[in-house]
Amino acid sequence: MGAALLLIRAAGPASGRSLGLPGPLLHGILLGAALAAFAWILARRVAVLRKGAADPRLDRIAERLRNLLVIGFGQSRQPRYPVAGILHILIFAGFLVLLLRSLTLLGEGFVAGFALPGLGGPAGEVYAAIKDWTALVVLACCAAAAWRRLVVRPARYHDRFAVRSHGGEAYVILGLIATLMVADAVYEGSALAAAGERTWGLPLASAAARALDGLSPGLLRRAGTAAFWLHNLALCFFGCYLPVSKHFHVLSALPNVFLAKLPPHGRIKPPRHGTKPGAAAEEIGVRRLADFTWKHLLDFFSCTDCGRCSDVCPAYATGTPLSPRMISIKCRDEAYAANPVFGRPPAGERPALVGAIVTDAELWACTTCRACEDVCPVTIEYVDKIVDMRRHLVDEGRVPATMQKALASIEKRGNPYGKLGKKRGEWVADATGAECGVRVLARGGAADLCYFTDSATAYDPRLQAIGRAFGRLLATAGADCGTLGPDEVDSGHEARRVGEEGLFEVLRERNTAALGERPVGRIVTNDPHAMNALAHDYEGLETPVAHHSEVLAELLAAGRLTPGAIADGRTYTFHDPCYLGRHNGVYDAPRQVLAAIPGLRMVEMAAARNRSFCCGGGSLYLFHEGEAERRMGEVRLDMAAAAGAQVVVTACPFCLINFEDAIKTTGRAETMEVIDLAELLLRAVTNGKEEPRPA
Amino acid sequence: MDIIVCIKRVPNLAEAEIEIAKDGRRLVADDLDWDVNEWDDFAIEAAVRLKEAHGGTVTAITVGDEEAEEALRRALAMGADAAIHVRDELLAGADPWLTAVALQRAIHGHPFDLVLCGAIASDGASGHVGGMLAALLGVPCVALATGLEVRGRTALVRHEVEGGLEREVEMALPGLVTAQSGLNEPRYVSIRGIRKVADMEIAVKTAADLGLAGKAMECRVRLEGLSLPPAGKGAEILGGDVDTAVATLVARLHEKGGL
Amino acid sequence: MRRILVVADCVGPGLDDSCWELLTAARTLAGAGGRVAAAVLGHGVGALASELAGGYDEVFAFDDPRLVDPDGEGDALALEPLIARGGFAAILLPHTNRGIDLAPGLSVLAGVPLLADCLALAWDGDALAGTRTVYGGKVHARVVAAAGVKGAMATVRGGAFPAAAHGAAGGAVKAEALPAGFAPRRHAIRTVAPAPGDVDISQAELLVAVGRGIEDEENLGIVRELAAALGAELCCSRPVVDKGWLPKSRQVGTSGVTVRPRVYVAVGISGSFQHIGGIKGSPYLVAINKDAAAPIFGVADVGIVGDLFEVVPALEAAVRKAKS
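Protein chains in written order, with our numbering: chain W, 8 to 702; chain S, 123 to 381; chain C, 5 to 328.
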């Protein structure tokens, strides 16, 4: 086979004349023009990035390289959507293989029989065979992808807010890829046909040869030359087309993955990178395109409009005005429209980025659950961008009235409920006056554990029961635990995420001061939002922070708590709270607690762990409801029911409230229960004699 | 157009335990947090929107103690251009009349097209200052506005009138309008917004500065004393069969003006 | 023995109930041998003046096309000369929208003290004294008008005094002319009724709220009937909106509308934290719920523990009977 292939190495245009010019000269002109156009287009695109705000992304290189290998080259996020994902993996891998062939063909434009270094000789033979088989597979994948778009038409591709479809671009790209391969096959096939060769080593080229059979040698030669030019023209066009289409991701995705936000994911972007917290700025947040960081602009370039983000978005699923992908699409469209590749920017004022292009209602619909970011194959960030745009809305005073009420109450009384600050520690005793064992720490008071309840658990009578259940478990285990009581104020987690940066700073200072006045070993909280705030938003707070599920798992592992059996015939499932799981990666501790309860029948929902579906509680959503068709909590209960569960165990006060509401609104009061992890464990530890909960 | 907004800082009593001071005329303030009177928020918002639409200036005025500056800062953060703080211990117990007199004196020398007040304050709840101020300024007034537009030298005001109806009224400017809740959706005032106006100068005027002394400082209504209504604990559960309980309830509703 | 003036409020073609409530107050303040007068303003108010004369000793009728729409400024300009010469010890107005629009300006024009929104009125020597609520109804205040030769004005809360019985005739009706140079600077253009369904429950004085206890959309009817009987607006807690049974504009709570009614009847509402958070201004809170442990009873003033499907129709019937 090898000899045959060497023989039939097609005589490239380098050896002849085309359009009356020597082949290499014409090729040089073509390539030079394409490279110049490509460089120009890319420079125009990069100029947009250069307008963006600062964003340091070159730290922790090892982690970035790992992301590049795993998420980028490894395509690790693709298989979550099996059909599209595997097609993409095959096309991507094929593309890498075919890239070498395309470069070789560029070389052949200058030097007949050109081979890339290392791909001459037998290695080249092997590569040729691999390449040809790969091309066959990729061609099939392109056909399958086109079939999906044309016939199967997955709902994901058609966003209900899309003003225009990018489907046309998809066909152009699929067509270009196919053209490259078919042209190459004809180019090689013409040589095979001329030599009368067929080989299973080159199935595609052989097929082309079969099709060309019977042509005269002269015609074969001209067909091969034409195919060669077609390939290289298509390649040049392809390269220049990428940065002006949604397929910029072919170029930008790998850098984007390398530059991705690194954990902790729950750490919100500061208003301005490179300025100290609390530093006065005339304006914060994102008002114009250029207020985004350059990396966030690169995100827009990298979006392929695949729709996975919106497909997993609870706000999109429940019919709110938000579709995360449309944020990327609309911002990119605006970036391109305002910065055309050729010609001057359009005259006149651009529509307001925040308000007209991205609407207020869209921004207020996000619960910051991070499902979109977790699924995005090219690691596009949404939460930081949405918070940044909300910061602008807050600066402008454009805040929904119900949210204003909650924020004003936080400002005046330290909690969104408008309850008195001095009553913040009253939850430690139940209605009968019985205390749970958590002490309210006076200034200077020390404790091993400091229980930060945050506002929901401190004030909502239903949630106070979680605090007391946790307190009784700690007391049972002999753990020493105090709480800040009236000196605690709202963690500011939600305030910060709705964009009220100034209020957050005030709250952070007050809590940091209150914690600083009490020597405590570790902070614990049942509220993942508070945990996230204390661990990641409170810069300078050195005390370690744990979630109550982690502390309970430790106490169980140490044998300090001995749960009795719960075998009540019901099936339990665990709902992963967004800020425990996706934002902080705590998936196992709560499951360890559940596994420690003998007899407990557990089932996992299909959307478990990082695929969890938000309850609808983030971003002060207990206080603000925008337009929606369904409640997220109801959708989640449907998922639990589909998994066959009668009891939903959760580990976040917002989740609990939303699910209890959803149980009532979906008429499941008789068939379903929702309970906090601590309450369930207390039930097991006390053999059913746990603290009664208020209705 | 130049607009004056009269505002007041009031205590938020929600959930608070109310205690009356020994002199019987004030509340013990330890537990209270304070804010701009809710209706005044609508007035400020209306003023700022008119300024944004028509140009001009917005000046906020309050009569109150040192702490009342907070209310003026909020107004500035919402978009007011200047603020006047009428601050004098002699005005501490001012009734609506004396408050209106002080406001009128403070406004004197500031040409205006429109004065906006909240329709009512959540503490004293008389709803009278705006109307009195208009009469003192010698300008027309429309109370309880739920809609407000300015066309040239005329204000087009929609306001609440008898029988749950609303009436559109044309008022020649200069004039005064009192803002009913729902006139607009007041913008949010962020902590950063407040910080940004922290250094803006606020003109402070004493009673003497306003030429108020002697007889001019007399209230027309004297507060004799505050008292707490008799407090109950939890609901009084009406017993007996349904008809008995319902009969008692009807009697109670009658007493409370529910019928 | 004093002379008292009441400014009559009209609603549509008829007199407002406040005319007869203020008559009671006026008679009390006038004392034995005192005289009570009413002023009525409008265009074509002859019949109203005659009706007022059935209870008042004298009626001043301002009948003029220029008064066709109640107008705070015009009415004040009309009334001022009457007050200046009338020697009234007290001038009473209802604390209605019209009273609020009219009273402050009139008090300044007339140069008399003004007491606001009084629940009770009495003489403190020669000074008019009133009891009123302040701080959202949480505190009572006793206020006294400075004694002056021109008397004092007060606005009076609806329902604070029982309506006085009145007969067919009695008082003298005097036609009053508008003063020379009568030139109000505001003019009514049109009167509009809020679009039906476009209710603003935040402004409602009386509210009947329905919650999850109603169980089914079809059952809402009995609560609607109760609200209609009371003359109250219907509102609800969140689950009812969630089910789509009532529009969001009727939802009371921290995530809905904040209301400040005088009376709030909660039917089948457990009294969640979020719901109670939307009720401000300390209304008289009535709870009807089958669960004696429902938190609503912890915050309500009065409650009936029972099946709402029995209690609500019975209450509606009793209310209708009491009103007729």
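Every residue gets a Cβ at the ideal spot worked out from N, C-alpha and C, and that includes glycine.
Computed from a prediction, not measured in an experiment: that's the story for all the values here.
Give me the chain S residues within the contact set of V263 (chain C), using Cβ-Cβ distance strictly less than 9 Å, ordered along the chain.
Chain S residues near V263 (chain C): none, gap ~11 Å exceeds 9 Å.
Determine the extent of the beta strand (DSSP E) in which L97 (chain C) is found, giving its start and end residues.
Counting along the chain, the beta strand (DSSP E) containing L97 (chain C) begins and ends at 94 to 98.
Using only the alpha-carbon positions, how far apart do T366 (chain S) and E62 (chain C) sit?
Distance between the alpha carbons of T366 (chain S) and E62 (chain C) is about 44 Å.
Compare the C-alpha of L105 (chain W) against each of W:P86, W:L146, W:P89, W:A41 and name the closest.
L105 (chain W) has its Cα closest to that of W:L146, out of W:P86, W:L146, W:P89, W:A41.
Kindly say whether A338 (chain S), judged by its beta-carbon, lies nearer than 8 Å to any beta-carbon of chain C.
Not closer than 8 Å to any Cβ of chain C, the Cβ of A338 (chain S) fails to qualify, so no.
Who are D67 (chain C)'s beta bridge partners in DSSP?
In DSSP, D67 (chain C) forms a bridge with C:G46.
Excluding the 5 residues flanking A324 (chain W) on each side, which residues of the same chain have their C-beta closer than 7 Å to its C-beta?
For A324 (chain W), where only same-chain residues beyond five positions count, the Cβ hits under 7 Å are V642.
Under 8 Å, Cβ to Cβ, is there at least one residue of chain C near C239 (chain S)?
C239 (chain S) does not count as touching chain C.
DSSP on T195 (chain C), reduced to helix/strand/coil?
If DSSP states are grouped into helix, strand and coil, T195 (chain C) belongs with the strands.
At the 8 Å Cβ level, is K58 (chain W) part of the contact set with chain C, yes or no?
No - not a single Cβ of chain C is within 8 Å of the one on K58 (chain W).
Of all the options W:R51, W:Q471, W:L684, W:A212, which has the alpha carbon lying nearest to the alpha carbon of R351 (chain W)?
Taking only the C-alpha atoms, the option nearest R351 (chain W) is W:R51.
For the beta strand (DSSP E) containing W156 (chain S), name the first residue and the last one.
Element bounds for W156 (chain S): 155 to 158.
Any beta-carbon of chain C closer than 8 Å to the one on K130 (chain S)?
Not one chain C Cβ lies under 8 Å of K130 (chain S).
Taking the DSSP output, what are the residues bridged to C243 (chain W)?
Answer by DSSP bridge pairing: none, since C243 (chain W) is not bridged.
Checking contacts by CB at 8 Å: is A138 (chain S) closer than that to chain W?
At least one chain W Cβ lies under 8 Å of A138 (chain S).
Would you tell me roughly how many angstroms separate the C-alpha atoms of A241 (chain S) and N346 (chain W), rounded to the nearest one?
Going from the Cα of A241 (chain S) to the Cα of N346 (chain W) covers about 50 Å.
Determine, using beta carbons only, whether G354 (chain S) comes closer than 8 Å to chain C.
With a pLDDT of 49 at G354 (chain S), under the threshold of 50, the modelled position of that residue is not reliable, and no figure is offered here.
Measure the beta-carbon distance from G217 (chain C) to I280 (chain C) and round it to whole angstroms, keeping in mind my assumption that it falls under 8 Å.
About 16 Å; that fails the 8 Å criterion.
So R244 (chain C) and K252 (chain C) are in contact, right, with Cβ under 8 Å, and what is the actual spacing, rounded?
Checking the displayed sequence, the identity of residue 244 (chain C) turns out to be Val instead of Arg. That belief does not hold up - the Cβ atoms of V244 (chain C) and K252 (chain C) are roughly 10 Å apart, past 8 Å.
Residues of chain W with CB closer than 7 Å to the CB of M322 (chain S), please, in chain order.
The premise fails here: M322 (chain S) is roughly 14 Å from chain W at the closest Cβ pair, so nothing lies under 7 Å.
Residues of the segment 92 to 112 of chain C with a CB closer than 9 Å to any CB of chain S: list them in chain order, please.
Listed by position, the residues of the segment 92 to 112 of chain C near chain S (Cβ gap below 9 Å) are H99, T100, N101, R102, I104, D105, L106, A107, P108, G109, L110, S111, V112.
Based on DSSP bridge pairs, tell me the residues matched to C240 (chain C).
Answer by DSSP bridge pairing, in chain order: C:V214, C:Q255.
Buried or exposed: D321 (chain S), going by 16 or more other Cβ atoms within 10 Å of its Cβ?
Looking at its Cβ environment, which holds fewer than 16 other Cβ atoms inside 10 Å, D321 (chain S) is exposed.
Between G38 (chain C) and M5 (chain C), is the Cβ-Cβ spacing less than 8 Å?
Yes, the Cβ-Cβ distance between G38 (chain C) and M5 (chain C) is below 8 Å.
Under 7 Å Cβ-Cβ, which residues of chain S neighbour T32 (chain C)?
In chain order: nothing, as chain S lies at least about 18 Å away.
If you check the beta carbons only, do R148 (chain S) and G186 (chain S) fall under 8 Å apart?
For R148 (chain S) and G186 (chain S), no; Cβs fall outside 8 Å.
Between W:V445, W:D467, W:T693, W:N518, which lies nearest to N665 (chain W) when the distance is taken from Cα to Cα?
Of the candidates W:V445, W:D467, W:T693, W:N518, the one whose C-alpha sits nearest the C-alpha of N665 (chain W) is W:D467.
Measuring CB to CB, does L470 (chain W) end up less than 8 Å from A463 (chain W)?
Taking 8 Å as the Cβ cut-off, L470 (chain W) and A463 (chain W) qualify as a contacting pair.
Are the beta-carbon atoms of S309 (chain W) and I364 (chain W) separated by less than 8 Å?
No.
Give me, in chain order, the residues of the same chain whose beta-carbon lies closer than 7 Å to that of Q226 (chain S); leave out the 5 immediate sequence neighbours on both sides.
Counting only Cβ-Cβ distances below 7 Å, and skipping sequence neighbours, we find L255, L258, L259.
Taking only the alpha-carbon atoms, compute the straight-line gap between H272 (chain W) and R589 (chain W) and give it to the nearest angstrom.
Cα to Cα, H272 (chain W) sits roughly 8 Å from R589 (chain W).
On the premise that A325 (chain S) lies in contact with I229 (chain S), defined as a C-beta separation below 8 Å, what is that separation, rounded to the nearest angstrom?
I229 (chain S) to A325 (chain S), Cβ: 12 Å. No contact.
At which residue ranges does the segment 26 to 58 of chain W contain complete alpha helix (DSSP H) runs of 4 or more residues, listed in the order of the chain?
Those alpha helix (DSSP H) runs which fall completely within the segment 26 to 58 of chain W and span 4+ residues are 30 to 58.
Do C247 (chain W) and I48 (chain W) have their C-beta atoms closer together than 8 Å?
The answer is yes: Cβ separation under 8 Å.
When you compare the segment 34 to 49 of chain C with the segment 131 to 141 of chain C, are there three or more beta-carbon pairs, one atom per stretch, that lie closer than 8 Å?
No: the two stretches stay apart, fewer than three of their Cβ pairs being nearer than 8 Å.
When the cut-off is 8 Å and only beta carbons count, does I229 (chain S) lie next to chain C?
With 8 Å as the cut-off, I229 (chain S) does not count as an interface residue toward chain C.
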